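The next block holds one structure in the form of structure tokens; read it before the comments.
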Amino acid sequence: NLASAEVAASFRGRIDAARALATMRKNRYAMLQELEKSGNARPEEMKRAETDLAMAQAQLQSALDDKKLKKLEADIIRAQIDEKKLRSPIDGIVVKIHKQQAELIGGNDQQAFMTIVQLDPLKAVFHLPQDVMGGMQAGEQISIDAGNKTVTGKIDFISPVINAQSGTIEVSIIIPNSDKSLTSGSRCTLTAP
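To convert, count from 1 in the sequence shown and add 56; that's the working numbering.
See the structure below:
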């Protein structure tokens, strides 16, 4: 799990011990080199000190490599967790989850697995008779009565075709709702332009 991998990657004891041993072996080897210059160190003693130093340095490198490996393992676990996260393209609130815990999603599964509602901005869709349209244009500001308050929205889309059955034109209006004072799904009335 990620927590134990992160803790293991943070351990320094083995590195510190290996570093101390390598320093001690290096100092002993340097001391024997000085003694060798004056003829006070035997060749086998020098060979042993040189081997001990090489082994201590290898232990230190092994401890450093192990720490890197533990950090890499933690990074891999973190990436695997990140890969499993679900991200919405909108900033909203989850209102319904359509799948059960541990149920697989993705692949060829085309069924929605959750419903997310975006509360800012809201989108109001009106179906207006052609004679009410007047000179409405996309991008124009328009007033809307939403419950107990009047808000200003911007016309986002005006359908280029009239619905033959109802004789109406679809108009979508985007309403800012940064304070979340308006409830999604509420009825609202378009104030005549």
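Think of the CB as a built atom: it goes at the ideal place given N, C-alpha and C, for glycine as much as any other residue. Computed from a predicted structure; not experimentally measured.
In summary, residue 173 is exposed, with fewer than 16 beta-carbon neighbours lying within 10 Å of its beta-carbon over all protein chains present. With a 10 Å radius around the Cβ and a threshold of 16 neighbouring Cβ atoms, residue 81 comes out buried. Look at residue 209 here: in three-state DSSP terms it is strand. Assigned with DSSP and collapsed to three states, residue 202 falls in strand.
Membership of residue 100 in the alpha helix (DSSP H) is indicated by the continuous run 99 to 140.
The continuous stretches of alpha helix (DSSP H) do not include residue 189, and DSSP gives it neither H nor E.
If the five residues before and after residue 102 are omitted, its C-beta is found closer than 7 angstroms to the C-beta atoms of 88 and 92, all from its own chain and listed in chain order. In this chain, the alpha helix (DSSP H) harbouring residue 91 covers 69 to 93. Burial is judged here by how many other beta carbons sit within 10 angstroms of a residue's own beta carbon; residue 229 has at least 16 and is buried. Residue burial is scored here from C-beta neighbours: residue 227 has at least 16 other C-beta atoms within 10 angstroms and is therefore classed as buried. Residue ranges of uninterrupted beta strand (DSSP E) with 3 or more members, entirely inside the region 158 to 198 and ordered along the chain, are 170 to 173 and 178 to 185. Between residue 240 and residue 178 the beta-carbon gap is near 6 angstroms, inside 8 angstroms, which marks them as a contact. Relative to the Cα of residue 193, the nearest Cα in the group 215, 134 and 121 belongs to 215. With contacts defined by Cβ atoms closer than 8 angstroms, residue 65 and residue 123 form a contacting pair.
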